[in-house]
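Accompanying notes for the structure given below.
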Amino acid sequence: MKLPIYMDYSATTPVDKRVAERMIPFITEEFGNPASRSHPYGWTAEKAVEEARRQVADLVNADPKEIVWTSGATESNNLAIKGTAEFYSKDKGKHIITVATEHKAVIDAFRELERIGYEATYLTPEPNGLINIEKFKAAIRPDTVLASVMFVNNEIGVIQDINSLGNICREHNVIFHVDAAQATGKVDINLAELPVDVMSFCAHKTYGPKGIGALYVRRKPRIRLQAQMHGGGHERGMRSGTLATHQIVGMGEAFKIAKEEMHDENKRIKKLHDQLLHGLTEIEEVYVNGDLTHRVPHNLNISFNYVEGESLIMAIKDIAVSSGSACTSASLEPSYVLRALGRSDELAHSSIRFSIGRYTTEEDINHAIDLLKQKVDKLRELSPLWEMFKDGVDLEKVEWAAH
Amino acid sequence: MAYSDKVLDHYENPRNVGSLDKNDPNVGTGMVGAPACGDVMKLQIKLGKNGLIEDAKFKTYGCGSAIASSSLVTEMLKGKTLDEAESIKNSAIAEELALPPVKIHCSVLAEDAIKAAINDLKSKK
Numbered sequence: 005m006k007l008p009i010y011m012d013y014s015a016t017t018p019v020d021k022r023v024a025e026r027m028i029p030f031i032t033e034e035f036g037n038p039a040s041r042s043h044p045y046g047w048t049a050e051k052a053v054e055e056a057r058r059q060v061a062d063l064v065n066a067d068p069k070e071i072v073w074t075s076g077a078t079e080s081n082n083l084a085i086k087g088t089a090e091f092y093s094k095d096k097g098k099h100i101i102t103v104a105t106e107h108k109a110v111i112d113a114f115r116e117l118e119r120i121g122y123e124a125t126y127l128t129p130e131p132n133g134l135i136n137i138e139k140f141k142a143a144i145r146p147d148t149v150l151a152s153v154m155f156v157n158n159e160i161g162v163i164q165d166i167n168s169l170g171n172i173c174r175e176h177n178v179i180f181h182v183d184a185a186q187a188t189g190k191v192d193i194n195l196a197e198l199p200v201d202v203m204s205f206c207a208h209k210t211y212g213p214k215g216i217g218a219l220y221v222r223r224k225p226r227i228r229l230q231a232q233m234h235g236g237g238h239e240r241g242m243r244s245g246t247l248a249t250h251q252i253v254g255m256g257e258a259f260k261i262a263k264e265e266m267h268d269e270n271k272r273i274k275k276l277h278d279q280l281l282h283g284l285t286e287i288e289e290v291y292v293n294g295d296l297t298h299r300v301p302h303n304l305n306i307s308f309n310y311v312e313g314e315s316l317i318m319a320i321k322d323i324a325v326s327s328g329s330a331c332t333s334a335s336l337e338p339s340y341v342l343r344a345l346g347r348s349d350e351l352a353h354s355s356i357r358f359s360i361g362r363y364t365t366e367e368d369i370n371h372a373i374d375l376l377k378q379k380v381d382k383l384r385e386l387s388p389l390w391e392m393f394k395d396g397v398d399l400e401k402v403e404w405a406a407h
Numbered sequence: 524m525a526y527s528d529k530v531l532d533h534y535e536n537p538r539n540v541g542s543l544d545k546n547d548p549n550v551g552t553g554m555v556g557a558p559a560c561g562d563v564m565k566l567q568i569k570l571g572k573n574g575l576i577e578d579a580k581f582k583t584y585g586c587g588s589a590i591a592s593s594s595l596v597t598e599m600l601k602g603k604t605l606d607e608a609e610s611i612k613n614s615a616i617a618e619e620l621a622l623p624p625v626k627i628h629c630s631v632l633a634e635d636a637i638k639a640a641i642n643d644l645k646s647k648k
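Residue numbers (our numbering), protein chains in the order written: chain A, 5 to 407; chain B, 524 to 648.
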């Protein structure tokens with residue numbers, strides 16, 4: 005067993021060896037610029053880029069012409085949100101809607117639009133992390149130009165009802181953007197039927213390389229957007245910049261493998277997820293964050309009450325996980341996602357995100373369960389809150405000296 | 524984040540974990556911090572007949588640096604008079620453990636815990 009065991013697949017995945025092998029010739033031998041039209045070096049690179057575009061489109065049942073290469077999901081989100089808001093606000097208005105639990109790349113793009121005169125609504129999800137469809141509908145106004153909702157949440161793994169949300173947007177003539185960075189290879193995406201106008205993807209959460217992503221831009225009905233990167237007019241003017249052929253080839257291969265293997269792989273991961281869930285919920289006072297049914301099996305976000313997340317991560321250094329709590333930053337703020345679900349500060353401070361994937365084994369899961377049981381016990385022995393809980397003290401009623 | 528060897532040592536082998544009888548007239552209890560902030564320290568000291576601190580115990584909910592700061596403090600306190608204990612500064616704790624700037628508040632909390640325990644003890648006299 006290789007230590008530490010990697011259980012942070014939602015942060016990034018290793019590049020599949022099959023993907024890496026496909027990429028290498030495009031760094032060393034087939035190094036041409038896909039925009040070079042005057043010689044075979046360029047033609048070969050262009051052919052590889054178009055093949056990859058088809059592979060990406062295939063995974064989500066889109067037309068290859070609807071795929072625009074970007075540097076990753078952050079850029080895709082920025083281009084989608086700022087690009088469509090700018091293009092359509094002249095006719096429609098300057099109100100935009102998103103959710104408090106979105107990724108920072110969406111939240112901060114919204115903040116930027118607010119800064120230049122847009123008005124934003126940040127919906128609070130239900131305690132299980134899902135959006136209430138009626139509340140979403142009620143937030144739409146005549147001047148709403150854009151709504152942005154992520155497919156699969158990066159911290160808690162819940163899957164939103166994109167189909168219903170999209171239909172509401174269609175009825176009200178609102179552009180609908182979906183951040184699907186955490187969804188590819190995990191949930192079925194059929195853009196021929198799904199009422200989504202723009203969708204963000206990246207390679208490195210699906211066993212491809214970092215630094216490459218894509219934006220789906222619907223052609224029927226045609227969605228237009230204002231370019232955010234100006235230059236040589238690549239990608240039909242939507243995103244200028246020389247295409248990174250090797251990265252693109254990697255993303256194509258990764259998405260091709262995902263399409264072929266995702267159904268078997270997800271069955272296997274679901275078994276591991278259930279094994280982890282059962283093992284960890286044998287521990288007293290643990291709480292799963294996010295809905296247990298509408299969730300990808302790759303993610304398990306759990307709060308171990310009365311134990312602080314950062315010290316727990318330190319104690320389980322044999323497994324590489326991340327804390328829902330952003331305690332390692334200077335801010336000492338617990339996860340804004342868990343707070344948006346209405347979790348208490350204590351539970352938000354006590355959360356660990358386990359995310360598993362292609363190379364996780366049953367042995368890894370057993371090791372993680374044993375380690376957690378042992379270390380949670382040890383830290384609770386150290387915890388004055390656990391002692392008070394065991395003595396029957398109601399922690400809500402204690403007057404704490406906040407610092 | 525990389526922790527210093529001393530933080531790791533105190534974190535992995537915490538000294539003087541436990542509780543003293545808070546109703547004992549010679550025991551002072553200090554509880555500082557708040558669960559909402561991610562740190563709660565409980566520090567207890569027991570004064571001997573000779574006027575020196577004969578025992579110190581702690582329990583801490585918090586990050587590794589908070590646990591290490593309180594563990595270190597229990598070691599520093601033993602054998603000291605209350606006046607000496609009161610003069611322990613957070614900077615000495617931070618320096619001993621080589622705490623990075625974002626973790627200085629852990630040493631501040633430990634200093635607060637000492638003062639709170641001493642005040643509790645004095646209020647019993």
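Where is the CB? At the ideal position from N, CA and C, for every residue including glycine. Note that the structure is a prediction, hence the values are computed from the model and not measured.
My output table needs one value for residue i: the three-state DSSP class, helix, strand or coil.
i, result
"V202 of chain A", "strand"
"A279 of chain A", "Here residue 279 of chain A turns out to be Gln, not Ala, going by the sequence shown. If DSSP states are grouped into helix, strand and coil, Q279 of chain A belongs with the helices."
"T604 of chain B", "coil"
"H99 of chain A", "strand"
"S588 of chain B", "helix"
"H353 of chain A", "helix"
"I287 of chain A", "coil"
"L304 of chain A", "strand"
"M318 of chain A", "helix"
"F393 of chain A", "helix"
"V596 of chain B", "helix"
"G245 of chain A", "coil"
"D192 of chain A", "coil"
"S359 of chain A", "strand"
"R57 of chain A", "helix"
Determine whether the Cβ of residue i lies closer than 8 Å to any Cβ atom of chain A.
i, result
"V540 of chain B", "yes"
"D643 of chain B", "no"
"T597 of chain B", "no"
"T583 of chain B", "yes"
"C629 of chain B", "no"
"A633 of chain B", "no"
"K565 of chain B", "yes"
"G587 of chain B", "yes"
Beta-carbon within less than 7 Å of residue i's beta-carbon, same chain only, minus the 5 sequence neighbours each way: which residues are those?
i, result
"E79 of chain A", "G217"
"K275 of chain A", "none"
"K379 of chain A", "L316, A319, I320"
"A334 of chain A", "Annotation note: pLDDT 43 at A334 of chain A (below 50); position unreliable, no value reported."
"D67 of chain A", "A61, R223"
"G262 of chain A", "First, the residue type needs correcting, since residue 262 of chain A is Ala and not Gly in the sequence shown. Cβ within range, chain order: L63, T188, G189, T210."
Name, in chain order, the residues that DSSP records as bridge partners for residue i.
i, result
"W73 of chain A", "A:A218"
"I144 of chain A", "Looking at the DSSP assignment, I144 of chain A forms no beta bridge with any residue, so it has no partner."
"A324 of chain A", "A:Y10"
"Q567 of chain B", "B:T552, B:K580"
"E123 of chain A", "A:H99"
"M2 of chain A", "This structure does not reach residue 2 of chain A, given that chain A is present from 5 up to 407, and the question cannot be answered."
"I163 of chain A", "A:V156"
"V631 of chain B", "None; V631 of chain B has no bridge partner."
Looking only at its own chain, which residues have a Cβ that is under 8 Å from the Cβ of residue i, when we skip the five neighbours before and after it?
i, result
"N613 of chain B", "I627, S630, V631, A633, E634"
"E34 of chain A", "Y45, T48, A49, A52, T249"
"D562 of chain B", "G556, T583, Y584, G585, C586, A589, H628, C629, L632"
Please tell me whether residue i has its Cβ less than 8 Å away from any Cβ of chain B.
i, result
"D20 of chain A", "no"
"R314 of chain A", "It should be noted that the sequence gives Glu, not Arg, for residue 314 of chain A. Chain B, which has a Cβ nearer than 8 Å to the Cβ of E314 of chain A, makes this yes."
"D349 of chain A", "yes"
"S355 of chain A", "no"
"P29 of chain A", "no"
"S80 of chain A", "no"
"E289 of chain A", "no"
"S339 of chain A", "no"
"L7 of chain A", "no"
"A405 of chain A", "yes"
"M242 of chain A", "no"
"L376 of chain A", "no"
"T17 of chain A", "no"
Could you check how far apart the C-beta atoms of residue i and residue j are, in whole angstroms? I think they sit under 8 Å.
i, j, result
"T74 of chain A", "R243 of chain A", "6 Å"
"I360 of chain A", "H277 of chain A", "7 Å"
"V341 of chain A", "V221 of chain A", "Actually they are not in contact, since the Cβ atoms of V341 of chain A and V221 of chain A sit about 28 Å apart, beyond 8 Å."
"A432 of chain A", "G212 of chain A", "Coverage of chain A is limited to positions 5 through 407, which leaves residue 432 of chain A absent and any answer about it impossible."
"L169 of chain A", "I137 of chain A", "7 Å"
Near residue i, what residues of its chain come up, given a Cβ to Cβ distance below 6 Å and the 5 sequence neighbours on each side ignored?
i, result
"D578 of chain B", "K569"
"P225 of chain A", "none"
"A591 of chain B", "V530, H533, Y534, L620"
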